[in-house]
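Structure first, then comments.
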Ligand code: DGY
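In this note's numbering, the protein residues as written are 11 to 343.
And the structure:
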């Protein structure tokens with residue numbers, strides 16, 4: 011005979027909503043998901059195949075996905091009718107076809123705010139790593155090829171007193187600006203209308219003509235849309251002063267790889283610090299071959315604290331939705 015404890019447990023799981031989680035998440039997030047939902051975890055952390063979407067989502071009402079999942083129209087169309095909400099574990103949502111989701115009446119939410127500081131920290135790490143030739147220095151050490159201190163060895167570029175152009179002056183762009191000011195940098199941004207940013211001194215440019223030539227460093231913080239694909243192209247790079255340094259923590263496709271590689275190879279750009287790549291996890295072999303790149307594998311939000319906060323934020327949105335409230339971070343209309 012079933013014990014009263016196991017009967018309570020099965021009654022509970024009969025009333026809990028079924029939630030599919032596409033990748034392994036920090037343990038406290040999975041624990042909360044399992045407490046509040048019949049959560050189907052992915053302990054093996056293997057990305058979903060095309061067939062997984064239909065089979066694993068059967069009878070589920072919600073999906074908690076990540077930016078490494080591609081929910082294009084083809085995937086969304088084949089999701090079971092029961093799916094009502096997709097909560098992405100990311101601020102970016104270009105990996106989800108919003109029109110296809112809206113056509114199926116599926117709500118989509120994201121996780122803004124909670125990853126601002128972690129991503130701004132990584133942008134500074136890239137900026138400093140690129141300016142100070144950190145990957146060349148690290149390679150010397152790892153190859154045990156360092157022959158000792160030298161007065162002209164691996165001289166980089168000072169960041170203090172330099173001009174940093176921030177493209178995309180939202181939450182993360184502003185957080186990078188505050189950090190850069192603390193390093194003694196002058197912040198430039200592109201803004202058609204004068205913005206009041208208390209406690210932050212910026213040089214605001216109404217047009218690109220004066221912006222690009224002013225930037226000794228550029229940090230990209232644009233969302234990826236059809237309008238921003240290949241935003242940093244050969245023409246814009248050509249307007250940067252020789253020796254400028256580019257940092258990208260936004261999305262790889264915001265950069266035209268051919269143009270960036272050409273400028274890094276010719277010496278027009280001194281260096282680049284990159285955390286994101288077109289076609290991740292693949293990326294252009296030239297980036298790894300060039301000595302003047304500082305490369306990270308999309309670590310912008312990768313701290314335990316931030317990834318936990320992202321998971322909780324995604325679960326908050328699901329809880330609000332199933333309580334009949336508007337989810338705070340809804341990105342579909
Ligand atoms: C996001 O949230 O969009 C980030 O790229 C994940 O680190």
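Don't be surprised by glycine CBs; every beta carbon is placed ideally from N, CA and C.
Source: prediction; values computed, not measured.
Check                                                                                                                        : Outcome
Residues of its chain near residue 231, where Cβ-Cβ distance is below 6 Å and the 5 sequence neighbours each way are ignored : 178, 182, 183 and 260
Three-state secondary structure assigned by DSSP to residue 70                                                               : coil
Local conformation of residue 347 per DSSP, three classes                                                                    : A question about residue 347 goes unanswered here, because the residues of the chain that appear run from 11 up to 343.
Check whether residue 227 and residue 174 have beta carbons under 7 Å apart                                                  : yes
Local conformation of residue 80 per DSSP, three classes                                                                     : coil
Cross-strand partners of residue 228 (DSSP beta bridge)                                                                      : 175 and 256
Which of helix, strand or coil DSSP assigns to residue 11                                                                    : Bear in mind that the predicted position of residue 11 carries a pLDDT of just 47, short of 50, making it unreliable; the figure below should be weighed with that in mind. Three-state result, residue 11: coil.
Nearest candidate by alpha-carbon position, reference residue 339, set 119, 249 and 241                                      : 119
Segment contact, 8 Å Cβ cut-off, at least three pairs: the stretch 51–67 with the stretch 24–33                              : yes
Residue 251 beta carbon near the ligand DGY (any heavy atom closer than 6 Å)                                                 : no
Length of the line joining the Cα atoms of residue 115 and residue 149                                                       : 51 Å
Heavy atom of the ligand DGY within 6 Å of residue 183 beta-carbon                                                           : no
Helix, strand or coil at residue 180 according to DSSP, with G and I counted as helix                                        : coil
Cβ-heavy atom distance, residue 288 to the ligand DGY, below 6 Å                                                             : no
Burial state of residue 87, where buried means 16 or more other Cβ atoms lie within 10 Å                                     : exposed
Where residue 209 sits in the DSSP three-state scheme                                                                        : coil
Residue 242 beta carbon less than 7 Å from that of residue 265                                                               : yes
Beta-bridge pairing of residue 197 - partner residues as DSSP gives them                                                     : 174 and 212
Residue 280 (DSSP reduced to helix, strand or coil)                                                                          : strand
Close Cβ partners of residue 318 (< 7 Å) along its chain, the five nearest in sequence each way excluded                     : 36, 38 and 39
Neighbourhood of residue 52 by C-beta distance below 7 Å, restricted to the same chain and skipping five residues each side  : 31, 32, 33 and 34
Span of the alpha helix (DSSP H), counted from its first residue to its last, around residue 247                             : 244–249
Closer than 6 Å: residue 8 CB and nearest the ligand DGY heavy atom                                                          : Residue 8 is absent from the structure shown; the chain starts at 11 and stops at 343.
Residue 101 beta carbon near the ligand DGY (any heavy atom closer than 6 Å)                                                 : yes
Touching by the beta-carbon criterion (3+ pairs, under 8 Å), the stretch 282–295 and the stretch 306–317                     : yes
Cβ neighbours of residue 167 in the same chain (closer than 6 Å, five flanking residues each side left out)                  : 141
Host beta strand (DSSP E) of residue 28 (start-end)                                                                          : 28–31
Option in 172, 135 and 60 with minimal Cα separation from residue 89                                                         : 60
Contacting residues, own chain, Cβ-Cβ under 7 Å from residue 171 (five flanking each side not counted)                       : 194
Three-state class that DSSP yields for residue 49 in the structure shown                                                     : strand
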